[in-house]
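Numbering (our numbering), first residue to last: 1 to 399. Where a beta carbon is used, it is the ideal one built from N, C-alpha and C, also for glycine. Values in this document were obtained by computation on a predicted structure and should not be read as measured data. What follows is one structure encoded as structure tokens, with my remarks underneath.
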Amino acid sequence: MHNERKIGNELFYVGGNDRRIALFENVYPVPDGVTYNSYIIKDEKTALLDTVDSAIADRFLENVSSVLNGKKLDYIIVNHMEPDHAATLTRVIEKYPEATVVGNTKTLAFIKQFFDIDIDEHFFTVKEGDELSLGKHILTFVMAPLVHWPEVMVTYDKTDKVLFSADAFGTFGTLSGNLFSDEYEFGAKEKAEARRYYTNIVGKYGAQVSALLTKASKLDIDMICPLHGPVWRNNISEIVDLYKKWAAYEPEEKGVLIVYGSIYGNTENAAEIIAGKLADSGVKKIAVYDASKTDASYIVAEAFKYSHIIIACATYNNEPFTKVETLITELKEHNLSKRTVALVENGTWGPQANKKIAEVFSAMKDMTILESKVTVKSSLKQEQLAQIDALVAEVKASL
Ligand code: FEO
1 MHNERKIGNE
11 LFYVGGNDRR
21 IALFENVYPV
31 PDGVTYNSYI
41 IKDEKTALLD
51 TVDSAIADRF
61 LENVSSVLNG
71 KKLDYIIVNH
81 MEPDHAATLT
91 RVIEKYPEAT
101 VVGNTKTLAF
111 IKQFFDIDID
121 EHFFTVKEGD
131 ELSLGKHILT
141 FVMAPLVHWP
151 EVMVTYDKTD
161 KVLFSADAFG
171 TFGTLSGNLF
181 SDEYEFGAKE
191 KAEARRYYTN
201 IVGKYGAQVS
211 ALLTKASKLD
221 IDMICPLHGP
231 VWRNNISEIV
241 DLYKKWAAYE
251 PEEKGVLIVY
261 GSIYGNTENA
271 AEIIAGKLAD
281 SGVKKIAVYD
291 ASKTDASYIV
301 AEAFKYSHII
311 IACATYNNEP
321 FTKVETLITE
331 LKEHNLSKRT
341 VALVENGTWG
351 PQANKKIAEV
361 FSAMKDMTIL
371 ESKVTVKSSL
381 KQEQLAQIDA
391 LVAEVKASL
């Protein structure tokens, strides 16, 4: 049974929720699921903007059919070819063979890579600034390479000032009836999931996101329709301001993220003591995570949020403890920069973590590694508290 929603003049939402998914991209836990958004503009001509993941294919096709209500589908606009949006493209093409698929040259190449399909005669290639008239609605195409794949473009409806933004401005999490972010409380939990989505999915491409934000700033936008999460309308600046910060790798908060990798609890103890001493020194914004317990995607998001990072890490197989090693690699691969870092290591006979973690952070852009480092040998001893105090004082002074 169809469940499409009218969200604007001749504009319909035909996507849906996936509450069953455990891991988005088979990597990121999504305890609150995810949406795959798709939209139809039903003007003199009709246009479908992106399709959906195969998980919700049947509902989606029912929605499309219901909105069209016997009218021909003229265009299928492919803003992004990643399968969470394009997996059902061939099913739509099979059902609506007269439709013209609209994308750029890279879109066409990716369609051919993913599908065995003879599409050339049904494909209309667009480039930056090209326009497509649906009747009343005039669409303009804006290229947004690497937000999040190289073929990504966004589509701007000049008539109703709607930006179909592909992955940009998306969030993890499903929607409970209300489709607009101003219809429910987009609170700290929702913001954290928007941050976790951005940092893990698009975070690597800050320069490209900034380029898109610059292009978007020249458009008059009343509504943003992303491919995941709510539609933005009355509170657009809320998400755009966050994106500006994230894309520039500017921390949201002056605060300290403490991450520990601890095998038997001694490194954890050092991390907890540091957290307590920071609090005693007046630092309010402190977040402590066990890298073995919390999925890296949450910690990556927190690293984008806070200005300072303290890593307390055991040595394992002569390397940083595996879970921390993985996390540090993720931070580097997501191009995190502009952070201040302090290091604490543990090793019963050959501590190596500080040296190897410092090497990784040193290779990242605009990172400051503080002088005060602590080496724990098996367990923290009373006589080392002065070193801990020095580290805490240096972090506090640099906040
Ligand atoms: Fe939601 Fe890059 O796909």
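query, result
"Classification of GLY282 by the beta-carbon crowding that lies within 10 angstroms, buried from 16 upward", "exposed"
"Contact test: LEU146 Cβ vs ligand 1 heavy atom, cutoff 6 Å", "no"
"Residues near PRO145 in its chain [Cβ-Cβ closer than 7 Å; skip 5 each side]", "VAL152 and GLN208"
"Of the listed residues GLU268, SER307, ALA353 and ASP120, nearest to THR315 (C-alpha basis)", "ALA353"
"Every unbroken beta strand (DSSP E) within the stretch 11-61, with a cutoff of 3 residues, ordered by chain", "11-13, 16-18, 34-36, 39-42 and 46-49"
"Simplified DSSP state of LEU227, which is helix, strand or coil", "coil"
"Min CB distance ILE21 to chain B below 7 Å", "No chain B appears in this structure, which consists of one protein chain only."
"Euclidean distance between Cα positions of LEU257 and ALA393", "16 Å"
"Ranges of the beta strand (DSSP E) found wholly within the stretch 296-332, counting only runs of at least 3", "306-316"
"Bounding residues of the alpha helix (DSSP H) (the contiguous stretch that carries THR348)", "Looking at the DSSP string, THR348 is not in any alpha helix (DSSP H), and its letter there is neither H nor E."
"Cβ neighbours of SER54 in the same chain (closer than 8 Å, five flanking residues each side left out)", "PRO83, ALA87 and THR88"
"heavy atom of ligand 1 below 6 Å from GLY227 C-beta", "Note that residue 227 corresponds to Leu in the displayed sequence, not to Gly. LEU227: yes, Cβ under 6 Å from ligand 1."
"beta-carbon GLU151 near ligand 1 non-hydrogen atom, thresh 6 Å", "no"
"Through-space distance from VAL67 to HIS92, alpha-carbon basis", "Contrary to the premise, residue 92 reads as Val rather than His in this sequence. Rounded to the nearest angstrom, the two C-alpha atoms are 14 Å apart."
"8 Å contact criterion, which VAL374 and GLN387 should meet: CB distance rounded", "5 Å"
"C-alpha gap between SER292 and THR326, whole angstroms", "10 Å"
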